[in-house]
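Following: one structure in structure tokens, then a few remarks.
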Amino acid sequence: MVLFRQSMNKRNVTIKDIARELQISPSTVSRALKDHPDISPETKKQVNSLADRWNYRPNPIALSLKGGKSHTLGIVVPEIIHYFFSSVISGIEDYANEHDYNVMICQSNEEYKKEVKSIQTLVNSRVDGILISISKLTRNMEHFHQLKEKNVPLVFFDRISDEIESDRVIVDDSEGAYMATKHLILEGRKRIVHLSGPPSLAITKGRIDGYIRALNEFRCSVAEENIVKCDQVQEAEWIVPSLMRRNPPPDAFFCVNDFTAAQALNIVRKLGLKVPDDVAIVGFTNGQLSGLTDPGLTTVDQHGYDMGREAARLMLDRIRDRNRPYQTRVINTDLVIRGSSVRKN
Numbered sequence: 002m003v004l005f006r007q008s009m010n011k012r013n014v015t016i017k018d019i020a021r022e023l024q025i026s027p028s029t030v031s032r033a034l035k036d037h038p039d040i041s042p043e044t045k046k047q048v049n050s051l052a053d054r055w056n057y058r059p060n061p062i063a064l065s066l067k068g069g070k071s072h073t074l075g076i077v078v079p080e081i082i083h084y085f086f087s088s089v090i091s092g093i094e095d096y097a098n099e100h101d102y103n104v105m106i107c108q109s110n111e112e113y114k115k116e117v118k119s120i121q122t123l124v125n126s127r128v129d130g131i132l133i134s135i136s137k138l139t140r141n142m143e144h145f146h147q148l149k150e151k152n153v154p155l156v157f158f159d160r161i162s163d164e165i166e167s168d169r170v171i172v173d174d175s176e177g178a179y180m181a182t183k184h185l186i187l188e189g190r191k192r193i194v195h196l197s198g199p200p201s202l203a204i205t206k207g208r209i210d211g212y213i214r215a216l217n218e219f220r221c222s223v224a225e226e227n228i229v230k231c232d233q234v235q236e237a238e239w240i241v242p243s244l245m246r247r248n249p250p251p252d253a254f255f256c257v258n259d260f261t262a263a264q265a266l267n268i269v270r271k272l273g274l275k276v277p278d279d280v281a282i283v284g285f286t287n288g289q290l291s292g293l294t295d296p297g298l299t300t301v302d303q304h305g306y307d308m309g310r311e312a313a314r315l316m317l318d319r320i321r322d323r324n325r326p327y328q329t330r331v332i333n334t335d336l337v338i339r340g341s342s343v344r345k346n
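Everything in the sequence shown is counted per the numbering used here, starting at 2 for the first residue and increasing by one.
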């Protein structure tokens with residue numbers, strides 16, 4: 002008896018272990034743990050007491066095989082450290098937990114191969130559905146087609162694939178970019194450069210569209226040279242100085258994300274220029290970073306937490322009804338004005 006109890010500490014306890022110890026059948030243990038009315042109160046007490054002492058936990062994979070559901074959702078994001086994606090994860094997790102679901106989180110690190118591997122890991126873990134924002138390098142959508150063939154529910158958020166028919170949640174990138182650019186124009190800026198994302202992403206296209214729409218509305222010239230791919234801090238380190246060497250230089254930057262905007266702000270100041278007097282800067286995210294720069298960063302709020310909750314809601318709706326029409330939810334954006342874009346009177 003002592004040797005057997007010691008072995009329980011070295012591996013996961015099973016229903017068979019409890020049944021062997023109490024000299025009853027595994028099915029009786031299973032029904033006792035589920036408070037089945039056919040099992041006597043004394044047997045239930047013995048089973049639950051031993052289960053507590055041995056720290057018995059049901060095997061989630063075994064439960065999923067038996068019941069058809071693991072009550073676990075898989076999430077794949079490009080970067081967990083990114084404030085926007087961590088906000089989305091929080092929204093997904095809160096909604097999932099409210100409905101007795103757990104989550105497993107993977108990050109692709111903006112790598113296509115790691116994205117594919119993450120999805121395979123989640124499928125092998127028998128998650129009930131996968132929520133994903135695709136990486137910057139994802140071009141081949143075969144792994145998503147395979148999910149569809151396996152009938153694994155799929156919800157895209159933020160970065161989506163138009164090639165795959167699925168539920169999706171996006172922000173109104175075009176309107177957010179339009180508001181940001183319009184704000185800069187109304188502040189008297191004439192040479193607004195848009196530091197954009199990878200051209201393959203739908204969010205990039207939406208933000209370029211909003212930028213151009215605002216310029217056209219106010220009859221400002223739209224120059225191809227003023228739309229520059231630059232969505233990383235490392236890229237901004239050499240791209241922003243090169244742009245500032247133009248004659249005349251830009252008097253405003255509308256950036257695809259807050260990290261790039263914050264770096265542009267730092268570089269402009271290092272060049273001896275004032276923000277916003279000489280150059281105005283607007284970002285896109287409204288993460289914690291935007292309130293820590295000097296001056297504070299004007300930015301577009303994407304409402305990541307709301308996006309996460311909506312994505313989780315769509316997923317659970319899909320799990321409950323596989324045949325309902327696919328839906329696209331659009332999260333509205335807000336312009337948060339701080340000191341980086343407004344001259345002091």
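Just so it is clear, CB atoms sit at the ideal spot from N, CA and C, and this is done for glycine as well.
In this text the structure is predicted, and so the values were computed from the model without any measurement.
By the DSSP assignment, the alpha helix (DSSP H) with residue i in it spans what residues?
| i | result |
| --- | --- |
| D95 | 84-99 |
| V117 | 113-125 |
| H184 | 174-187 |
| V269 | 259-271 |
| R208 | 203-218 |
| Q24 | Note, Q24: premise wrong, no alpha helix (DSSP H); not H, not E. |
| A52 | 42-54 |
What number of angstroms, rounded off, separates the C-alpha of residue i from the C-alpha of residue j?
| i | j | result |
| --- | --- | --- |
| E236 | V194 | 15 angstroms |
| Q328 | D232 | 29 angstroms |
| S291 | R325 | 40 angstroms |
| I120 | V153 | 11 angstroms |
| A262 | I161 | 23 angstroms |
| K137 | R344 | 35 angstroms |
| I135 | A215 | 28 angstroms |
| L266 | F255 | 11 angstroms |
| Q7 | R21 | At Q7 the pLDDT is 40, less than 50, meaning the model places this residue with poor confidence; the figure from the coordinates comes in the next sentence. Roughly 15 angstroms separates the two Cα atoms. |
| R54 | D36 | 18 angstroms |
| I228 | I213 | 10 angstroms |
| I19 | D101 | 26 angstroms |
| T29 | P42 | 12 angstroms |
| L202 | D295 | 31 angstroms |
| A224 | I209 | 12 angstroms |
| L187 | E166 | 40 angstroms |
| H144 | I81 | 21 angstroms |
| K151 | S26 | 36 angstroms |
Among the candidates the options, whose CA atom is the shortest distance from the CA of residue i?
| i | options | result |
| --- | --- | --- |
| Y84 | L272, H304, A312, F158 | H304 |
| I131 | V104, W239, K114 | V104 |
| K149 | R54, D129, V269 | D129 |
| V269 | W239, N287, V257 | W239 |
| D259 | V229, K230, T299 | T299 |
| M142 | D163, F158, V124 | D163 |
| L51 | L23, R314, S71, I40 | L23 |
| P79 | K45, D159, N56 | D159 |
| G297 | D95, K183, R339 | R339 |
| K1 | N110, V124, S31, A33 | The chain is shown from 2 up to 346; residue 1 falls before or after that span and cannot be answered. |
| S88 | E166, G207, G198, D302 | D302 |
| R246 | K230, R220, Y306, L274 | L274 |
| I14 | V117, R58, F219, I332 | One detail in the question is off: residue 14 reads as Val in this sequence, not Ile. Answer by Cα proximity: R58. |
| D307 | E116, R190, L293, V172 | V172 |
Tell me the DSSP bridge mates of residue i?
| i | result |
| --- | --- |
| K230 | S197 |
| D335 | D302 |
| T329 | R169 |
| T73 | N103 |
| L155 | I131 |
| F254 | V194, I282 |
| Q108 | V78 |
In the DSSP assignment, find the beta strand (DSSP E) that holds residue i and state where it starts and stops.
| i | result |
| --- | --- |
| L148 | No beta strand (DSSP E) holds L148; the alpha helix (DSSP H) holding it covers 143-150. |
Is residue j closer than 8 angstroms to residue i when the C-beta atoms are compared?
| i | j | result |
| --- | --- | --- |
| C107 | V156 | no |
| I282 | S341 | yes |
| P249 | V280 | no |
| V241 | F285 | no |
| I204 | D174 | yes |
| A253 | R192 | yes |
| L74 | D168 | no |
| G288 | S91 | no |
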